[in-house]
Structure formats: structure tokens, C-alpha cells
Amino acid sequence: MQDELFTPTIQERPAPGKPPWRPESILYPAAFGGPLAATALGLLNGRRLGLPGNRLLAIGAAGLVGLCARLVVSAAIDGNSGVRVAGMVTGALVWLVVLFFQRSPFRVYTYAGGEPASLVGPGFAAAIGLGLLEAMLILVLVR
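Per my numbering, the sequence shown runs over residues 23 to 165.
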């Protein structure tokens with residue numbers, strides 16, 4: 023007789039396709055690249071994890087709110103250091119939304135034997151590319 027106590031509760035195999043990144047690792051590009059980098063990586067990772075559309079929409083909305091908040095703070099502050107700090111803070115706040123929605127699905131993915139992908143290349147690309155895009159938006163719209 024087999025006891026139910028010893029049967030695993032998570033029996034799904036990882037979904038085929040590209041493996042997701044660790045949601046905790048998105049913090050670094052989010053802090054250095056701002057809310058656009060956090061949103062882009064969060065949406066891509068959410069697709070890799072198979073999140074439903076309403077959660078992806080919430081991540082996108084958080085990114086839009088974070089970008090608007092950064093633009094408002096950039097218009098209100100005269101110095102450059104405050105603008106950079108605002109970018110780091112808004113990026114980290116968007117990352118918290120990403121983490122809230124992705125931590126549990128990622129845990130299921132790893133318990134099922136999935137290995138996370140490396141975020142080094144995409145993280146640098148998002149932090150640099152989207153960070154420059156945010157800087158250009160601030161220069162054009164605010165300064």
C-alpha cells in the first residue's frame with residue numbers, strides 16, 4: 023500500500039520553451055535601468071512563466087505608473103542626483119510588483135526540476151538600453 027504522505031504534491035513538468043529568470047535577479051537591472059527595464063524584464067519573464075493576462079497587465083500598469091512617477095519627480099527636482107535616485111526607487115518599486123506576481127510560479131517551476139536561465143545578457147541590455155531611453159524621455163519631455 024502506498025501512503026499519500028510520500029507522493030509529491032507538485033507533479034507538473036516545466037513548460038517547454040525558454041526557461042524563466044529568477045524574479046529576484048530582476049532587481050539589479052530594475053535599480054540601474056529604471057522602471058522601463060523592470061517592466062520589460064518582468065513582462066518577458068511573466069510570459070516565460072505562463073502568467074495569465076491580468077497579471078501581465080498589472081505588471082505593465084505598474085511600469086507605466088513608475089515611469090510617470092519618475093517623470094513627475096524629474097520635473098520637480100533641479101539636480102541630476104535626485105533624478106537618478108528617483109529612477110532607482112521607481113525601478114525597485116516596479117520590481118516589487120514583478121516579484122509579487124512571479125515568486126510563486128517560479129517556485130513551482132524550480133520544484134518541478136526546472137533550471138533558471140541567466141539574466142546577465144538581457145539584464146545588461148535592459149539596464150543600458152532602456153535606461154538610456156528613459157534618460158532621453160526625461161531630456162525631451164521634462165528638461
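Each residue gets a CB set at the ideal place from its N, CA and C atoms; glycine is no exception.
Beta-carbon spacing of residue i, residue j below 9 Å
{"i": "Val116", "j": "Gly104", "result": "no"}
{"i": "Pro127", "j": "Leu66", "result": "no"}
{"i": "Pro138", "j": "Pro42", "result": "yes"}
{"i": "Leu155", "j": "Leu93", "result": "no"}
Start-to-end residues for the alpha helix (DSSP H) that takes in residue i
{"i": "Ile160", "result": "153-163"}
{"i": "Ser96", "result": "75-98"}
{"i": "Phe28", "result": "Segment: none, Phe28 is in no alpha helix (DSSP H) and carries neither H nor E."}
{"i": "Pro138", "result": "Pro138 -> no alpha helix (DSSP H), and no H or E assigned at all."}
{"i": "Arg69", "result": "57-71"}
Exposed unless 16 or more other CB atoms sit within 10 angstroms - verdict on residue i
{"i": "Gln120", "result": "It is worth fixing the name first, because residue 120 is Val in this sequence and not Gln. Buried is the call here."}
{"i": "Ala98", "result": "exposed"}
{"i": "Phe28", "result": "exposed"}
{"i": "Pro51", "result": "buried"}
{"i": "Leu71", "result": "buried"}
{"i": "Leu141", "result": "buried"}
{"i": "Leu169", "result": "This structure does not reach residue 169, given that the chain is present from 23 up to 165, and the question cannot be answered."}
Query raised in the report: Any chance the stretch 50-64 sits against the stretch 135-154, with 3 or more Cβ pairs inside 8 Å?
Result: yes
Query raised in the report: Can you find at least 3 beta carbon pairs, one from the stretch 72-80 and one from the stretch 123-142, that sit closer than 8 Å?
Result: yes
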